[in-house]
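There are 2 protein chains.
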Amino acid sequence: MSVTAAQGFLASGVTAGIKESGDPDLALVVNRGPSRAAAGVFTSNRVQAAPVRWSRHALADGRLSAVVLNSGGANACTGPGGTEDAREMAERTARAVDAVPGEVAVCSTGLIGIRLPMDRVTDGIAAAAERLSPEGGEEAAVAIKTTDSVHKTAAAAGADWTVGGMAKGAGMLAPGLATMLVVLTTDADVSADVLDSALREAVRTTFDRVDSDGCMSTNDTVLLLASGASRVTPDPADLTAAVHAVCQDLARQLVADAEGASKEIEVEVVGAASEADAVEVGRSIARNNLLKCALHGEDPNWGRVLSAIGTTSARFDPDLLDVAINGVWVCRDGSEGEPRDKVDLSDRRITVTVDLRSGDSRATIWTNDLTAEYVHENSAYSS
Amino acid sequence: MSVTAAQGFLASGVTAGIKESGDPDLALVVNRGPSRAAAGVFTSNRVQAAPVRWSRHALADGRLSAVVLNSGGANACTGPGGTEDAREMAERTARAVDAVPGEVAVCSTGLIGIRLPMDRVTDGIAAAAERLSPEGGEEAAVAIKTTDSVHKTAAAAGADWTVGGMAKGAGMLAPGLATMLVVLTTDADVSADVLDSALREAVRTTFDRVDSDGCMSTNDTVLLLASGASRVTPDPADLTAAVHAVCQDLARQLVADAEGASKEIEVEVVGAASEADAVEVGRSIARNNLLKCALHGEDPNWGRVLSAIGTTSARFDPDLLDVAINGVWVCRDGSEGEPRDKVDLSDRRITVTVDLRSGDSRATIWTNDLTAEYVHENSAYSS
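As they're listed, the protein sequences go chains A and B. What the first sequence shows, in my numbering, is residues 4 to 386, in sequence order. What the second sequence shows, in my numbering, is residues 4 to 386, in sequence order.
The following block contains the structure:
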């Protein structure tokens with residue numbers, strides 16, 4: 004149920020002292036092979052942290068031997084010194100696990116704009132390398148937590164092969180430590196190209212559909228490493244399905260753990276002329292602060308849904324829009340439908356369904372409500 | 004200092020009983036001429052309220068004799084019945100003030116999706132017509148308030164001619180009654196084309212640059228009516244300057260009155276390759292919930308500014324970005340600049356300055372912080 008669920012992987016987590024709290028803050032994931040095939044996707048933010056730039060470069064040849072991750076500092080917007088720090092983390096890790104630096108990915112999360120305490124980081128890497136174990140997946144997941152209330156792991160089994168994973172973050176709704184880091188592993192024996200396709204397809208409809216507060220991190224990273232240790236080469240479609248299952252599981256855990264949130268909201272757009280239209284409409288609804296406040300207050304305010312839809316370029320006729328909240332079609336043909344007092348919003352999970360009545364495409368975006376706690380946690384201290 | 008500051012205009016405001024509170028909720032502005040030239044700009048939301056659709060149509064020939072405005076109900080997403088209601092408001096007003104319905108604009112604000120109580124509205128129109136007066140500008144401004152804490156009026160004087168105006172709304176930060184309505188008047192003797200150019204130029208850099216919470220209304224309307232009563236035809240540039248001054252004054256009043264907000268934030272983008280780039284960057288910063296929370300907490304968190312800039316398509320080099328908060332350049336060359344503890348954020352007004360170092364264009368966006376009060380006011384009751 005973690006990155007060490009798949010054969011051929013070791014992991015560990017330690018307290019390096021990067022965080023002032025004394026909580027674990029440095030993790031390693033090592034691929035013992037025989038394969039070193041890997042793929043990754045990174046934030047589309049144009050302001051990219053030094054470790055993202057490094058890892059992108061390391062992945063260019065489709066191979067990774069290890070990943071070093073730290074919480075307690077994002078190493079973003081840290082200038083040439085930060086670039087050196089990311090490189091040094093890779094080099095120290097390579098030395099400790101007998102790999103080459105160009106095959107080590109680096110992931111960091113925490114406050115933007117502050118240099119990492121590199122003496123502690125390098126000591127931490129040495130200590131983590133000592134603890135590497137085939138049972139280390141759980142402690143690695145713990146060490147990458149920032150404001151996460153629980154650590155997040157998942158796994159999916161194929162026929163004689165496995166996909167495992169861990170994640171940190173709560174979309175961007177976590178108070179400011181605004182990063183999603185995900186490491187996935189598999190013991191399937193597949194090429195980097197197959198991994199890349201499987202990962203992109205899985206991320207496109209899972210992590211890319213989580214939009215808790217519309218804020219995009221400088222550090223988001225999702226990596227997939229394959230050891231080949233099972234000696235099984237699955238059908239690419241089966242691999243994609245398993246990677247998708249793990250990503251979906253972790254994505255739901257992120258939304259469920261979004262700090263400050265009291266509702267998990269699924270925005271389901273159907274009847275769209277294209278998937279792009281459905282995603283645009285879903286995202287505009289998921290990002291609408293007025294609607295997120297209304298749902299927090301358990302008010303089925305469909306007018307705010309229509310206002311949000313109206314800001315998009317999707318194909319629709321305003322007089323032919325239908326909106327259901329928790330299954331009650333409160334808006335029909337762009338105006339009042341069933342009575343809004345039929346809607347029960349007392350549960351933590353809420354579904355908003357929009358039928359654009361313009362085609363057969365659909366998409367689901369997961370988000371959270373906007374709460375006073377969110378404001379408090381993101382304003383009460385620097386993060 | 005209101006819509007009756009210009010000669011040739013009458014106005015009034017009454018309690019029609021549309022609002023449950025018993026506060027004034029219906030206003031008239033009447034142009035007694037001799038000219039009836041007019042111009043308008045409307046929400047770019049594709050879901051448009053019935054009165055917006057009606058007024059757009061009424062303005063097609065560049066003439067308006069009167070404007071009828073109500074608070075207490077937006078008449079948006081109300082189907083064919085709502086369309087009939089808007090038409091009836093124009094017809095009743097035309098009859099009461101001796102005009103033709105096609106020269107009467109209609110503006111409504113309040114909850115989306117609910118039909119107006121038309122019996123009260125029509126009685127209110129008759130009562131308001133009785134009260135029309137050259138001193139009625141203030142009471143008209145009061146009658147269009149929703150959650151505004153104060154009514155908003157402004158005026159600018161030319162040489163023997165005047166521009167006056169009134170506004171309601173607090174961007175979209177007002178708790179849910181999410182509409183900006185503005186009526187401007189002038190006694191200058193100018194054509195509808197000249198009015199249209201002056202209005203568009205003025206709105207582009209004032210109301211269009213207010214972005215308190217990124218939510219766009221279905222009802223936003225800005226109208227400019229000219230009576231020609233001064234018999235003066237000013238230079239178009241002078242007229243534009245006066246209209247701009249009134250719009251800027253009213254726009255600042257909207258931001259200052261944004262309910263739930265504790266800070267007025269000016270996002271100033273300089274060094275942009277184009278004005279469009281500057282606006283895109285300014286808006287992305289103004290809409291970033293994490294930054295708005297940080298500024299609420301008086302935390303000069305420039306990392307969140309850079310994260311927001313990174314989501315745009317503007318021209319910039321991430322390693323050459325400079326950010327100042329209240330004049331302190333906390334970010335230089337995309338990394339740490341002057342110490343953040345030099346920044347004093349205790350005042351209500353905050354300026355965030357971004358230098359993209361990519362050209363000579365600039366733009367300013369006005370916004371507010373994100374507060375627990377905003378969440379409370381937008382979640383505690385249906386609006």
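Backbone N, C-alpha and C fix where the C-beta goes; we use that ideal spot for every residue, glycine too.
Remark: C-beta atoms of Glu-204(A) and Thr-149(A) do not approach each other more closely than 8 Å.
When the Cα atoms are used, Ala-279(A) and Thr-86(A) turn out to be separated by approximately 36 Å. Chain order gives no chain B residues near Thr-370(A), where near means a beta carbon separation below 8 Å; the closest approach is about 12 Å. When Cβ-Cβ separations below 8 Å define contact, Pro-321(B) makes contact with chain A.
Taken atom to atom, the span from the alpha-carbon of Asp-101(B) to that of Val-378(A) is near 53 Å. Within 9 Å of the CB of Ala-129(A), no CB atom of chain B is found; the nearest one sits about 28 Å away. Met-219(A) has a beta carbon lying within less than 8 Å of a beta carbon in chain B. Interface with chain B (8 Å Cβ-Cβ cutoff): Asn-381(A) is included. 8 Å or more divides the Cβ of Val-109(B) from the Cβ of Met-121(B). Looking from the CA of Arg-49(B), the closest CA among Gly-11(B), Thr-188(B), Pro-83(B), Asp-223(B) belongs to Asp-223(B). For Cys-110(A), the closest Cβ of chain B is not nearer than 8 Å. DSSP, reduced to helix, strand and coil, places Gly-306(A) within a helical segment of the structure shown. Proximity of the segment 293-310 of chain B to the segment 188-206 of chain B falls short of the contact definition, fewer than three beta-carbon pairs being nearer than 8 Å. Cβ neighbours of Arg-66(A) within its own chain (closer than 8 Å, five residues either side excluded): Arg-39, Ala-40, Ala-41, Glu-106, Ala-195. Taking a beta-carbon distance threshold of 8 Å, Leu-257(A) does not count as an interface residue toward chain B.
Within its own chain, the residues whose Cβ lies closer than 7 Å to the Cβ of Val-272(B), once the five positions on either side in sequence are excluded, are Ala-281, Val-284, Gly-285, Val-357, Leu-359, Arg-365, Ala-366, listed in chain order. In the structure shown, Glu-376(A) adopts helical secondary structure according to DSSP, grouped into three states.
Just so you know, the alpha carbons of Gly-82(A) and Arg-290(B) end up roughly 26 Å apart. Under the Cβ criterion of 8 Å, Leu-293(A) is counted among the residues facing chain B. Note that the segment 141-161 of chain A touches the segment 8-20 of chain A; at least 3 beta-carbon pairs, one per stretch, sit closer than 8 Å. For the pair Asn-78(B) and Ala-201(B), the Cα-to-Cα distance works out to about 29 Å. When secondary structure is reduced to three states using DSSP, Met-169(B) falls in the strand class.
Under the three-state reduction of DSSP output, Leu-119(B) falls in the coil class, being neither helix nor strand. DSSP places Cys-334(A) within a strand segment (E or B) once states are collapsed to three. One thing to note: Gly-76(B) has its Cβ no nearer than 8 Å to the Cβ of Leu-29(B).
Contact of Ala-89(B) with chain A is not assigned, every C-beta pair being separated by 8 Å or more. If you compare the alpha carbons of Trp-164(B), His-247(B), Ala-259(B), Ala-254(B) with that of Val-235(B), the shortest gap goes to Trp-164(B). What Gly-116(A) touches in chain B, judged by beta-carbon distance under 9 Å, is Asn-304, Trp-305, Gly-306, Leu-309, Val-333, Cys-334, Ser-338, Glu-339, Arg-343, going in chain order. In terms of beta-carbon proximity, His-299(B) lines the interface with chain A, with at least one pair separated by less than 8 Å. Closer than 8 Å to the CB of Cys-250(B) there is not a single CB belonging to chain A.
Judged by their CB atoms, Thr-125(A) and Arg-95(A) are nearer to each other than the 8 Å cut-off. When secondary structure is reduced to three states using DSSP, Leu-324(A) falls in the coil class, being assigned neither helix nor strand. If you draw a straight line from the Cα of Asp-252(B) to the Cα of Gly-362(A), it comes to about 46 Å. For Thr-208(A), there is no enclosing beta strand (DSSP E), as DSSP marks it with neither H nor E. Here Cys-80(A) has Ile-115, Gly-116 as same chain residues with Cβ atoms under 6 Å from its own Cβ, once five neighbours each way along the sequence are excluded. Judged by their CB atoms, Asn-381(A) and Glu-267(A) are not nearer to each other than the 8 Å cut-off.
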